[in-house]
Amino acid sequence: MIKNVESLISMTFDGWSKKRRKAFESLTIYYIQPADDNPLDWSLHVHLLTFDRRKGRHTGEENGKHLASTIQKYGFADRLKHKEHRTKYVGYKSLSLMHTEPSSSSCIEHTFHLMPSHFIQALQVPSIMAIGQCLHDSEQEELFDDFDNDIDPSQEEEPDDDDDEAVELATSTEWTPGDIVGKILAFVAQVQQCDAAMGYLESLCEKNCGKPLQVATWVRTRWGSLAKCFDRMLEIKQPMNIFCVTADDNANIPLLQGDKRWINFKMSPDEWHVISLCWNVLMVNATRNAILGKEDVATSHWVIPAMYEVKLEWEQFLEDSTYDVIAPAIQAGLNSMYKWYRKVTEDKGVYFICHVLDLCHRLTFLDAAWDQALIDKGLRTMHKVYLEYKDKVNVEKPAESTLKEVQWSSLYSSLDSFMDKLIEERRKQKAAASFSSRAAM
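Just so you know, we're using the working numbering here: the sequence shown kicks off at 23 and counts up by one.
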């Protein structure tokens, strides 16, 4: 199949783990195939080339080596134009082994997952930190300005009686946001381990919620599932609290190991409030990922506005005093998005070009959202790419009869409505500023 492909080839490399940590990897290739009698009549082909069980260490270096060997096995390294991968290191490693320099980019869906990943890690959830998913020290120093200085060099194990603040902190039983999230995740894990507990909670849900609901589990690498977990727990918070108060005295439910008791999992109104705040934040990315994931057409022209929309909503959370309790975690997520948004808008011309070529808004949205200098840089990149293709391809303008109707996507009403709203807001702001300027004269 590949030997008959004359065009350049783009590819997507993906890897994930199933139950019991079984790792799988897939390699998908994309290429353009023109008709024999008309080079302007072409179609985009997509083929899943490999879907294999991956043995051995599931590290960036090993995955990069495996990807490079797979490309060499099928013999299309010389025609590789663009590659998309989950992690930066996998891409760099595979490219260095192939001694080639195709353009590459990280998976945009993965970028949306990194944002809530940094958010949860910055909350310092005990159960997540315990499995080695904590932030690196350097990242902590960037998040917390006083990280290096927040250390007491003295050898005292008890706070000084004269230090009121130290005594208050030492004797405080107040839960931190990370503790609260860890508390509810621990409850989910404990209930899942006991059929009797699951049955009792289900009966309480049927009695108090009108339907036999259960706790929802989550996948650590799919942060949208954590939003769904929080959503379910908020829905059954009354049955859960009743469960926690009564389960220790229920003869049908085995006692927890050690000194643990179900009553310790009972959530206060303030704790439920923290869970609801975290749910609001996580749902922004989960919703956008769900919409993009359902599309069966190319979505490159929506990448910039989609990332801008998510970034804007998180910034609004940060400005809302209601979210002060989790503000450092929100900032951690935003820092991740700023990094990848900058790469998408400044380093990778493909998304700018795809957006500008879209018939709906072209430059209108970017005029409202970006500084002119950034737009000019994108246009220069686009002009350079255009000249490269112009020198290589010499075709006549297609006849009207050969033009195909644009296929509109179901996402049009969602993301384009956001862009329309932003454009209108910026137009009103400019009009108000112009009016104020004339009034001042």
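We put the CB at the ideal spot given by N, CA and C, even for glycine. Owing to the predicted nature of the structure, the values given are computational and were not obtained by experimental measurement.
With fewer than 16 other Cβ atoms from the protein chains shown falling within 10 Å of its own Cβ, Ser91 counts as exposed. Out of Leu207, Gln236, Ile202, Ile206, the CA that lies nearest to the CA of Ala218 is found in Gln236.
Closest in alpha carbon position to Glu293, among Asp74, Ser48, Lys205, is Lys205.
Contact between Leu49 and Thr72 holds: their C-beta atoms lie close to 4 Å from each other, under 8 Å. Of the residues assessed, Thr344 falls on the exposed side of the cut-off, its CB having fewer than 16 other CB atoms within 10 angstroms. DSSP, read as helix, strand or coil, puts Glu446 in helix. Membership of Val325 in the alpha helix (DSSP H) is indicated by the continuous run 325-341. Burial state of Ser139 is buried, judged by a 10 Å Cβ sphere holding 16 or more other Cβ atoms. Within the same chain, and ignoring the five residues on either side of Cys266 in sequence, the residues whose Cβ sits closer than 7 Å to its Cβ are Trp284, Ile285, Phe287, Lys288. Just measuring C-alpha positions, the residue of Ile352, Cys382, Arg402 sitting nearest Glu368 is Arg402.
The beta carbon of Ile375 lies closer than 6 Å to those of Met404 in the same chain, with the five residues before and after it left out.
Counted as a single uninterrupted DSSP element, the alpha helix (DSSP H) harbouring Tyr222 occupies residues 217-231.
DSSP, reduced to helix, strand and coil, places Glu28 outside both helices and strands of the structure shown, so it counts as coil. Within the same chain, and ignoring the five residues on either side of Tyr411 in sequence, no residue has its Cβ closer than 7 Å to its Cβ. At the C-beta level, Phe252 and Ile313 stay beyond 8 Å of one another. DSSP, reduced to helix, strand and coil, places Ile285 within a helical segment of the structure shown. Going by DSSP, Val372 is part of the alpha helix (DSSP H) stretching over 371-379. The three-state reading of DSSP puts Asp58 in coil, since its state is none of H, G, I, E or B. Per the DSSP secondary-structure output, Arg75 pairs in a beta bridge with Phe46. Going by DSSP, Ser139 is part of the alpha helix (DSSP H) stretching over 130-144. Within its own chain, the residues whose Cβ lies closer than 7 Å to the Cβ of Ser322, once the five positions on either side in sequence are excluded, are Val372, Tyr373, Cys376, listed in chain order. With at least 16 other beta carbons inside 10 angstroms of its own, Leu89 counts as buried.
In the structure shown, Leu278 adopts coil according to DSSP, grouped into three states. One thing to note: Asn307 has its Cβ within 8 Å of the Cβ of Met137. According to DSSP, residue pairing for Val68 in a beta bridge involves Tyr52. Within the model, the alpha-carbon separation for Lys450 versus Ala395 is close to 22 Å.
Val203 sits close to Leu145, with the two beta carbons spaced by under 8 Å.
In its chain, beyond the 5 residues on either side, Met329, Tyr330, Lys333 have a beta carbon closer than 8 Å to the beta carbon of Tyr363. DSSP, reduced to helix, strand and coil, places Gln260 within a helical segment of the structure shown.
Excluding the 5 residues flanking it on each side, Ile130 has same chain C-beta neighbours closer than 7 Å at Val325, in chain order. By the CB criterion at 8 Å, Leu70 and Tyr52 fall outside the cutoff. In terms of CA proximity to Phe35, Gly86 leads the group Gly86, Thr309, Ile24, Asp58. In the three-state reduction of the DSSP assignment, Ala351 falls in the helix class, which pools H, G and I.
Counting of Cβ neighbours within 10 angstroms places Asn272 among the exposed residues, the total staying below 16.
In this structure Arg448 is in contact with Ala390, their Cβ atoms being roughly 4 Å apart against a cut-off of 8 Å.
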